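Asks: Residue numbers (UniProt numbering): 1 to 549. Even glycine gets a Cβ: it sits at the ideal position worked out from N, Cα and C. Remember, predicted model here, so these are calculated numbers, not experimental data.
(1) Mapping DSSP to helix, strand and coil, what is residue 161?
(2) Could you spell out where the alpha helix (DSSP H) holding residue 400 opens and where it closes?
(3) How would you label residue 371, buried or exposed, when you count the other beta carbons within 10 angstroms and need 16 or more for buried?
(4) Here's the rule I'm using: 16 or more other beta-carbon atoms within 10 Å means buried, otherwise exposed. How should residue 368 be labelled?
(5) Can you give the Cα-Cα distance for residue 3 and residue 39, rounded to whole angstroms?
(6) Given a cut-off of 8 Å, decide if residue 207 and residue 472 are closer than it, judged by their beta-carbon atoms.
(7) Taking the continuous alpha helix (DSSP H) assigned at residue 492, which residues delimit it?
(8) Can residue 360 and residue 373 be called in contact, C-beta distance under 8 Å?
(9) With respect to the beta strand (DSSP E) encompassing residue 265, which residues constitute its N-terminal and C-terminal limits?
(10) Just the Cα atoms here: how many angstroms apart are residue 460 and residue 309?
(11) Kindly identify the DSSP beta-bridge partner or partners of residue 329.
(12) Count the C-beta pairs between the segment 295 to 306 and the segment 374 to 385 that are closer than 8 Å, then say yes if the count reaches three, no if not.
(13) Based on Cα-Cα distance, which residue from 399, 212, 77 and 84 lies nearest to residue 266?
(14) Going by the DSSP bridge assignment, what does residue 343 pair with across the sheet?
(15) Within its chain, find whatever has a CB closer than 6 Å to the CB of residue 538; leave out the 5 residues flanking it on each side and keep chain order.
(16) Is residue 120 near residue 41, with beta carbons less than 8 Å apart?
(17) Once you ignore the five residues that flank residue 450 on each side, which residues in its own chain have a CB closer than 7 Å to its CB?
(18) Nearest to residue 331 by alpha carbon, out of 217, 246, 468 and 110?
(19) In three-state DSSP terms, what is residue 278?
(20) Tell me whether residue 243 sits in a helix, a strand or coil according to DSSP, three-state version.
(21) Does residue 165 pass the burial test, meaning 16 or more other C-beta atoms within 10 Å, or should it be called exposed?
(22) At which residue ranges does the segment 493 to 531 contain complete alpha helix (DSSP H) runs of 4 or more residues, listed in the order of the chain?
(23) Using the beta-carbon count (16 or more within 10 Å), is residue 91 buried or exposed?
(24) To the nearest angstrom, how far is it from the Cα of residue 554 to the Cα of residue 216?
(25) Below 8 Å on the Cβ atoms is my contact criterion, and I expect residue 355 with residue 340 to pass it. Report the Cβ-Cβ distance as a whole number of Å.
Written as structure tokens, this is what we have:
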């Protein structure tokens, strides 16, 4: 037996040596490899599906922590960026740079290989490639909005690419807008069926083009792209028929795409049980710690009164008590910021004796691990699913990355900035948003009669409609209002506290409003761009650095 074994071993060795090259040239049969992957439609779909994971999920909402809408109770990079307290070594800048380029490489790999699937029809191949091109444009838009000039790489990254210089921001912006327009040609106009929920369609490409053209100050392009989306005739504002709840309802489970009653969302990160979930509800109303998302006084004050006038002009506004602040206001305020008497998941609030912890009555400032603590005196209710507040990482709410409501706002602003805005334009854009919640319409004649600036009101509308949707920081930057980020973060008036002793040690301004953070600064033009991350600059000195850094 031993002799037979030796003979077999010798024969095997001879066979191996005679066909060693042929053996090494073979591809593995037990794993996916590049040589055999790009052949079938199923493989292309699988590869395209993987790209959807690079679209921002809850971190879309997290971006609102950089502006002046929300304040994080924990010391985070987002909070420090908003306050101007950071340097070239800040981790978030490098994380964004690294992650965005890793995702771009995934898109580039797909776009360099999809045409190898010769058994797939050219139309189908180009449709899937268009999805990849839209996602890549979305990624490059974030890069240039954060960093300005960035390397523009459209093929799988090589050593030469890694050590190349940055391309001018203008060139990157042109690329983004052109890619989105060209990709739109190959995408279907109609909404996906139930089996394809969440897939990118023509409206997504044109909608992102409208957004980024607005961001880049190309108002004619933004107007045209927004109108193209509107003219598709497939999107409409989500509406349950109840103006008191419909706006808030959209950001809960009820507004998920899979439910089939949402034709407003254009791009979303879908979240499914045991597959992809987030922790937003708990972070907003965490019942045993401090809320991570604290609405600011600045945001609260931005909401108009129900007569369409700002709080400093309206005879309806009263602020002698906490409850009065929420009375006679734009209905979107109480559907975004938690109002007294509303259901919540934060458990015991600041009321001395609260026998109904499921109902919010007054803010909580003392941490005793029995209820959600606020640092501003306010809480969000938008994006909160009360049933999951007590559970960690169990939110299934879709994150709405792009929706039709934004398209309407983009069209109105783009028209205004070109000097062509009419009342008819407002009636088919902003007043549709207001009408959904039974809010007083925006009337150009009324604005003029009350000495209200049209640009200010269009920007206000964008702020309140899109609060907590990750757009405020980019809006502040493109409007060149960086000085707003240097303003102190304030909260409610200490006089409104149910237990005065709970707020006695909190700092306040001369009017009694809580000062949460007054160590904020904004250096113009330096802070309009993030620094090229120190790690990336060490690896590639050819990148150079942004002004002031």
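Replies: The structure says:
(1) Here residue 161 sits in helix by DSSP.
(2) Under the DSSP assignment, residue 400 falls outside any alpha helix (DSSP H), being part of the beta strand (DSSP E) whose first and last residues are 399 to 403.
(3) It is buried - the Cβ of residue 371 has at least 16 other Cβ atoms within 10 Å.
(4) So residue 368 counts as exposed.
(5) With a pLDDT of 34 at residue 3, under the threshold of 50, the modelled position of that residue is not reliable, and the figure given next carries that caveat. Between residue 3 and residue 39, the alpha-carbon positions lie close to 47 Å from each other.
(6) No, they are not a contact pair.
(7) Residue 492 -> not in any alpha helix (DSSP H); beta strand (DSSP E) instead, spanning 489 to 493.
(8) Contact: no.
(9) That run of the beta strand (DSSP E) goes 265 to 269.
(10) Spanning the two alpha carbons is a distance of roughly 12 Å.
(11) Residue 329 is bridged to 305.
(12) The segment 295 to 306 and the segment 374 to 385 touch, with no fewer than 3 CB-CB distances between them shorter than 8 Å.
(13) Per the Cα distances, 399.
(14) Residue 343 is bridged to 359.
(15) Residues of the same chain with their beta carbon placed closer than 6 Å to that of residue 538 are lacking, with the five preceding and five following residues left out of the count.
(16) Yes.
(17) Answer for residue 450: 309 and 313, listed in chain order.
(18) Comparing Cα positions, the closest option is 246.
(19) Residue 278: strand per DSSP, three-state reduction.
(20) Reduced to three states, the DSSP call for residue 243 is coil.
(21) By the neighbour-count criterion, in which a residue is buried when 16 or more other Cβ atoms sit within 10 angstroms of its Cβ, residue 165 is exposed.
(22) For the segment 493 to 531, whole alpha helix (DSSP H) runs of length 4 or above, ordered along the chain, are 500 to 503.
(23) So residue 91 ends up on the exposed side.
(24) The chain is shown only over 1 to 549; residue 554 falls outside these bounds and no answer can be derived.
(25) The Cβ separation is near 16 Å, so there is no contact.
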